[in-house]
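This report refers to the structure that appears directly beneath it.
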Amino acid sequence: MALRPGQMPAQRKAAFPPSVDAGTTLLVLGSLPGDASIRQGEYYAHRGNAFWALMGGVLDEDLRALPYALRLKRLRARGVGLWDVIESADRPGSLDSAIRDAELRDLNAFIARLPALRAVAFNGKAASLHGRRQIGAAGQALTLIDLPSSSGANAMLSREKKAEAWRVLRQWIVPASH
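Residue numbers for the sequence shown follow full-length UniProt numbering, beginning at 1 and rising by one.
If you want it as structure tokens, here you go:
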């Protein structure tokens, strides 16, 4: 396929392994990690992405102040797992609107291996579109939640409005153990 003048060749990007365990009650699904996340090997690494602040608000703790490995550990301790609906895709840059030729995950097989799972939250429209299509009827036993994207590119809502929408997740959070 010939490129138009000024057009960049697509780059195949791959997602990360899941961060879940047998106690996962809530699975938060994104679409595909952005370039900053891929470079750093960390979910939601772009400084403009509000994910860690939003989840910190849900858990009532400052996740942003913690090293990445401890952030994931704190999420898992509270029953929260992370993954993406897309395994790999061609995408120049980081915008979901630029995703092409997406290879989707087998979400049903994955969900079947999470015995405590009660809810799946989709971080943004692309995650919801692909995730709901994949889960289909198998999702009837789960609560499926559409969230406004935590991405800084989603400027439709203020961070406060996003935080308000994300607080619905509290009902699926495992209480903190002291």
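All C-beta atoms, glycine included, are put in the ideal place defined by N, C-alpha and C.
If you look at GLU164, you'll find it in the alpha helix (DSSP H) that goes 159 to 166. In the displayed model, VAL28 falls within a strand according to three-state DSSP.
Inter-residue distance for GLN11 and SER177 is about 43 Å (C-alpha atoms, whole angstroms). Our two residues, LEU95 and GLY34, have alpha carbons roughly 7 Å apart in a direct line.
Around the beta carbon of ALA137, fewer than 16 other beta carbons lie within 10 angstroms, which makes this residue exposed. For TRP52, the enclosing alpha helix (DSSP H) covers residues 51 to 59.
Contact between the stretch 145 to 154 and the stretch 48 to 66 is present: three or more C-beta pairs spanning the two stretches fall below 8 Å. If you check the CB distance, LEU32 and ALA121 do not come in under 8 Å. Using a Cβ-Cβ distance cut-off of 8 Å, the stretch 61 to 78 and the stretch 106 to 119 are not in contact, since fewer than three pairs of beta carbons, one from each stretch, lie closer than that value. Counting of Cβ neighbours within 10 angstroms places ALA141 among the exposed residues, the total staying below 16. DSSP places LEU169 within a helical segment (H, G or I) once states are collapsed to three. For LEU26, the closest alpha carbon among the candidates GLY79, GLY57, LEU72 and ALA126 is that of GLY79.
The closest CA to that of ASP21, considering only GLU164, ARG113 and GLY124, is found on ARG113.
In the three-state reduction of the DSSP assignment, SER97 falls in the helix class.
For ILE135, the CB contacts under 8 Å within the same chain, skipping 5 residues up- and downstream, are LEU107, ASN108, ILE111, VAL120, LEU142 and LEU144 in chain order. In the structure shown, the three-state DSSP call for GLY124 is coil. The beta-carbon separation of ILE99 and ARG105, rounded to 14 Å, does not stay under the 8 Å limit for a contact. If you draw a straight line from the Cα of SER97 to the Cα of ALA127, it comes to about 11 Å. Looking at the DSSP output, LYS73 shares a beta bridge with no other residue.
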